[in-house]
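K.L.:
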Amino acid sequence: MKLITAVVRPERVGQVKEALFRAGISGLTLSRVSGHGGEQEIVEHYRGTQVMIEFREKVEFRMAVSDAFAEAAIRAICEGARTGEVGDGKIFVQPLERVVRIRTGEEDGAAL
Amino acid sequence: MKLITAVVRPERVGQVKEALFRAGISGLTLSRVSGHGGEQEIVEHYRGTQVMIEFREKVEFRMAVSDAFAEAAIRAICEGARTGEVGDGKIFVQPLERVVRIRTGEEDGAAL
Amino acid sequence: MKLITAVVRPERVGQVKEALFRAGISGLTLSRVSGHGGEQEIVEHYRGTQVMIEFREKVEFRMAVSDAFAEAAIRAICEGARTGEVGDGKIFVQPLERVVRIRTGEEDGAAL
Ligand SMILES: Nc1ncnc2c1ncn2[C@@H]1O[C@H](COP(=O)(O)OP(=O)(O)OP(=O)(O)O)[C@@H](O)[C@H]1O
Ligand SMILES: Nc1ncnc2c1ncn2[C@@H]1O[C@H](COP(=O)(O)OP(=O)(O)OP(=O)(O)O)[C@@H](O)[C@H]1O
Ligand SMILES: Nc1ncnc2c1ncn2[C@@H]1O[C@H](COP(=O)(O)OP(=O)(O)OP(=O)(O)O)[C@@H](O)[C@H]1O
Ligand SMILES: [Mg+2]
Ligand SMILES: [Mg+2]
Ligand SMILES: [Mg+2]
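Protein chains in written order, with this note's numbering: chain C, -4 to 107; chain U, -4 to 107; chain L, -4 to 107.
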């Protein structure tokens, strides 16, 4: 299983949700975050030290998926989130050892 | 070490905290999230595409524990969070390579 | 690659950002969280059960880095966040399997 985290533009949240849903992924957790993506243009020199000045509001999607769904999830996120301009966001894939559905105690495949 | 993440109903936060604490787990990070748990009943057809419509407020617990505490943490979360109705939440267990206590520089077992 | 998460005091966010930036790390995601760090002094007995009473506002930094940058990131976070008083925060290091830049589809090293 994988835990996939994607940080996207707030204005693309609806499109990302819809693309994920069409790909068969409906277990999702969202949170509001702020971020900086490494742009050099928004860095300033202030009294000799470089200061990173701009953080933008983003939305983070988190989803646990079986290995078989990881590729489709990544494709759906890119499809929903891409505008072609800098700042479209980033996807992180991590190993996931165990999932438990609290209501039933079901685990892993049965809990996804 | 494991990083355990649990998404639960906001109204069960107090009971989850208490169950964790009784299980000996007191290092915790909480955040407000919103989520969808895969219910098919809250999906609608709108101009031919399926739209996932309902996201509910949830609270996410995150805790780093030694391997020996993982099982007790999961049991405590289930005990505090379970109502028996759909939407009770989900637990995710991930590998954790290193923990550092910022104040002292202590690591891993000594930092938990 | 590693995913480094650090929970720090809100009043040290600026110093942590600056220390990270000086260490060459500018891809960052921040979120507001609340936490408890295991202090025994803020636990009370209430009708026979122990209740964990105090959660403090914290800020969580999340950053994906190449293995070569992990040590420098941890050092920078400690440098920016440490006051020497309890509650300075904690750092968690997790394995990261894949990173995708949504705009271009670049992956891993090319996406960091
Ligand atoms: N290395 C990283 N670690 C953690 N979060 C990151 C990282 N890089 C980017 N992010 C998050 O993703 C958001 C969007 O990043 P962004 O799309 O600007 O990435 P980028 O690599 O600079 O790509 P682009 O060149 O298209 O701008 C950031 O605001 C931040 O929240
Ligand atoms: N696969 C998943 N990935 C990420 N987050 C999830 C996933 N499944 C559920 N969640 C999160 O957990 C919350 C609660 O999920 P929920 O309890 O409805 O899970 P479920 O599998 O549908 O179980 P139930 O059948 O008991 O409703 C969701 O609102 C969402 O935030
Ligand atoms: N084991 C843990 N799992 C998850 N989050 C934790 C854990 N320990 C601490 N945190 C988070 O880090 C924040 C700061 O923790 P804190 O600095 O008090 O850690 P500590 O181990 O008690 O160190 P100190 O003795 O310096 O207080 C907490 O408010 C919480 O959000
Ligand atoms: Mg960028
Ligand atoms: Mg559900
Ligand atoms: Mg503490």
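Every residue gets a Cβ at the ideal spot worked out from N, C-alpha and C, and that includes glycine.
Please confirm whether V95(U) and I20(L) have their CB atoms less than 9 Å apart.
P.N.:
No, these two residues do not count as a Cβ contact at 9 Å.
K.L.:
For V2(L), which residues in the same chain have their Cβ closer than 7 Å to its Cβ, ignoring the five residues on either side in sequence?
P.N.:
V28, G30, K53, E55, G84 and K85
K.L.:
Is S26(C) near ligand 7, in the sense that its beta carbon is under 8 Å from a heavy atom of that ligand?
P.N.:
By its list of ligands, the structure shown excludes ligand 7, since it contains just ligand 1, ligand 2, ligand 3, ligand 4, ligand 5 and ligand 6.
K.L.:
Using a Cβ-Cβ cut-off of less than 9 Å, list which residues of the stretch 87 to 99 of chain C approach chain U; keep chain order.
P.N.:
Q89, P90, L91, E92, R93, V94, V95, R96, I97, R98 and T99
K.L.:
Kindly list the residues whose CB is nearer than 8 Å to the CB of L23(L), restricted to its own chain and excluding five residues on each side of it in sequence; keep chain order.
P.N.:
K12, L15, F56, R57 and M58
K.L.:
Against S26(L), what residues of chain C qualify as contacts under a CB-to-CB distance less than 8 Å, listed in chain order?
P.N.:
Close partners of S26(L) in chain C (Cβ separation under 8 Å): S26, R27, V28, S29 and E55.
K.L.:
Beta-carbon of A68(U) versus every beta-carbon of chain L: anything under 9 Å?
P.N.:
By this cut-off, A68(U) is not an interface position.
K.L.:
Report yes or no: is there a C-beta of chain C within less than 9 Å of the C-beta of E80(U)?
P.N.:
By this cut-off, E80(U) is an interface position.
K.L.:
Among A71(L), A65(L), C73(L) and G75(L), whose alpha-carbon lies nearest the alpha-carbon of L107(L)?
P.N.:
A65(L)
K.L.:
So which of A18(C), G75(C) and T99(C) has the shortest CA-CA distance to A63(C)?
P.N.:
The shortest Cα separation from A63(C) among A18(C), G75(C) and T99(C) belongs to A18(C).
K.L.:
With R111(L) and V60(C) assumed to form a contact (beta carbons below 8 Å), what rounded beta-carbon distance in angstroms separates them?
P.N.:
Only positions -4 to 107 of chain L appear in this structure, which leaves residue 111(L) out of reach.
K.L.:
Does the distance between the C-beta of G33(L) and the nearest non-hydrogen atom of ligand 6 fall short of 8 Å?
P.N.:
Correct: G33(L) has its Cβ closer than 8 Å to ligand 6.
K.L.:
Is the beta carbon of C73(C) sitting closer than 9 Å to the one on G100(L)?
P.N.:
yes
K.L.:
Just the Cα atoms here: how many angstroms apart are E49(L) and L91(L)?
P.N.:
32 Å
K.L.:
Just checking F87(U) against ligand 2 - is the residue's beta carbon closer than 8 Å to any of the ligand's heavy atoms?
P.N.:
yes
K.L.:
What residues match up with T24(C) in a beta bridge as DSSP calls it?
P.N.:
R57(C) and G30(U)
K.L.:
Just to confirm the assignment, what range does the alpha helix (DSSP H) spanning V81(U) have?
P.N.:
Premise fails: V81(U) is in no alpha helix (DSSP H) and is neither H nor E.
K.L.:
Let me make sure I understand the geometry here. Which of R4(L), P5(L), M(-4)(L) and I97(L) has the alpha-carbon closest to that of T78(C)?
P.N.:
I97(L)
K.L.:
In the DSSP assignment, find the alpha helix (DSSP H) that holds L(-2)(L) and state where it starts and stops.
P.N.:
It is not in any alpha helix (DSSP H) - L(-2)(L) instead sits in the beta strand (DSSP E) that spans K(-3) to V3.
K.L.:
Less than 9 Å between the C-beta atoms of G82(U) and R51(U), yes or no?
P.N.:
yes
K.L.:
What do you get for G32(L), buried or exposed, if any count of 16 or more other CB atoms within 10 angstroms of its CB means buried?
P.N.:
Sixteen is the threshold: when 16 or more other Cβ atoms of the shown chains lie within 10 Å of the Cβ of G32(L), as they do, the residue is buried.
K.L.:
Against G22(U), what residues of chain L qualify as contacts under a CB-to-CB distance less than 9 Å, listed in chain order?
P.N.:
G30, H31, G32, G33 and K85
K.L.:
I believe I(-1)(C) touches A68(C) by the beta-carbon criterion, under 8 Å. Please report the beta-carbon distance rounded to the nearest angstrom.
P.N.:
5 Å
K.L.:
State yes or no: is the beta carbon of A18(L) nearer than 9 Å to at least one beta carbon in chain C?
P.N.:
no
K.L.:
Note down, in chain order, every chain U residue with its Cβ under 8 Å from the Cβ of V2(L).
P.N.:
Ordered by position in chain U, the residues that pass the 8 Å Cβ test against V2(L) are T24.
K.L.:
In chain order, what residues of the same chain lie with their CB nearer than 8 Å to the CB of E102(C), ignoring the 5 residues before and after it?
P.N.:
R93, V94, V95 and R96
K.L.:
From I37(C) to G9(L), what does the alpha carbon distance come to, in whole angstroms?
P.N.:
Legend: pLDDT at I37(C) = 49, less than 50; position of this residue unreliable, value from coordinates given subsequently. For I37(C) and G9(L), the distance between alpha carbons rounds to 16 Å.
K.L.:
S26(L) to E6(U), Cα distance in whole Å?
P.N.:
22 Å
K.L.:
Shorter than 8 Å, the distance from the beta carbon of G82(C) to the closest heavy atom of ligand 4, or not?
P.N.:
yes
K.L.:
Measuring from the CB of V3(L), is there a heavy atom of ligand 1 at a distance below 8 Å?
P.N.:
no
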